[in-house]
Amino acid sequence: MRPYLVTVPLLLAASTSSALAAGGPQCPPTVSVTAQPEAPGGWAPYPGRDSHSFIGITLIEGDRSQQMASSSRTTLAPDSETRHARRLVQLWEFDAAQRGKLFVLCRYRGTEATLAADLPRQTRRCTLTLETDIRGDVLDEPKTPPQLDCR
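Under the numbering used here, the residues of the sequence shown are numbered 1365 to 1515, in order.
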């Protein structure tokens, strides 16, 4: 059993680096968050660890450190959205001449915790594909996680 614990992280690292090369950063499907409760007098706090599923992204322009410290981030709305076959596809396009630093912020259900990664300078477009119901509303708990592709 022990070799699997060693092998799985190596396989994940290899697949993550190839995903970065092929289609930009990929948000992990889940994130583990450790919470430390603040206990009132007479109570003992015990941390908890929860897993949260990926629900979407925010694209942000500017320096990642400065933007994440700011209460008003420079977020980018999709340039277009199309609905077809129970999917919503959001598209962002970036002009090479006017583009500043960009990064993707991965958001997760039921937590304020996020993950962020800088987009490579040569990235010209990102698409996010979300699963919808028959009315076209994005599902809270889709069968397939949202798919991000930046090139």
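From the three backbone atoms N, C-alpha and C, an ideal C-beta is built for every residue, glycine too.
CB of residue i within 8 angstroms of CB of residue j, strictly
{"i": "Thr1398", "j": "Arg1413", "result": "yes"}
{"i": "Arg1471", "j": "Gly1405", "result": "no"}
{"i": "Thr1496", "j": "Arg1447", "result": "yes"}
{"i": "Arg1451", "j": "Leu1494", "result": "yes"}
{"i": "Cys1490", "j": "Asp1504", "result": "no"}
{"i": "Pro1411", "j": "Ala1403", "result": "no"}
{"i": "Ser1435", "j": "Ser1415", "result": "no"}
{"i": "Pro1479", "j": "Trp1456", "result": "A quick correction: the sequence has Leu, not Pro, at residue 1479. Cβ atoms of Leu1479 and Trp1456: not closer than 8 angstroms."}
Extent of the continuous alpha helix (DSSP H) run through residue i
{"i": "Ser1435", "result": "Looking at the DSSP string, Ser1435 is not in any alpha helix (DSSP H), and its letter there is neither H nor E."}
Beta-carbon separation (whole angstroms), residue i vs residue j, contact threshold 8 angstroms
{"i": "Phe1458", "j": "Thr1487", "result": "6 angstroms"}
{"i": "Pro1442", "j": "Gln1430", "result": "That belief does not hold up - the Cβ atoms of Pro1442 and Gln1430 are roughly 23 angstroms apart, past 8 angstroms."}
{"i": "Ile1424", "j": "Leu1469", "result": "6 angstroms"}
Boundaries (first-last residue) of the beta strand (DSSP E) holding residue i
{"i": "Val1397", "result": "Thr1394 to Ala1399"}
{"i": "Arg1495", "result": "Looking at the sequence shown, residue 1495 is not Arg but Glu. Its beta strand (DSSP E) spans residues Arg1489 to Glu1495."}
{"i": "Gln1486", "result": "Taken as a continuous stretch (DSSP letters only), Gln1486 belongs to no beta strand (DSSP E), as it is neither H nor E."}
{"i": "Thr1422", "result": "Gly1412 to Glu1425"}
{"i": "Phe1467", "result": "Leu1466 to Tyr1472"}
{"i": "Asp1513", "result": "Gln1511 to Cys1514"}
{"i": "Thr1478", "result": "Thr1478 to Asp1482"}
{"i": "Arg1451", "result": "Arg1451 to Glu1457"}
{"i": "Thr1446", "result": "Ser1444 to His1448"}
Proximity to residue i [Cα-Cα], best of the options
{"i": "Thr1508", "options": "Gly1388, Phe1418, Ala1408 and Ser1396", "result": "Phe1418"}
{"i": "Gly1500", "options": "Leu1440, Glu1445, Cys1391 and Trp1456", "result": "Glu1445"}
{"i": "Pro1389", "options": "Leu1483, Ser1396 and Asp1427", "result": "Leu1483"}
{"i": "Ala1460", "options": "Gln1400, Pro1401, Cys1391 and Arg1515", "result": "Arg1515"}
{"i": "Arg1485", "options": "Pro1401, Asp1427 and Trp1407", "result": "Asp1427"}
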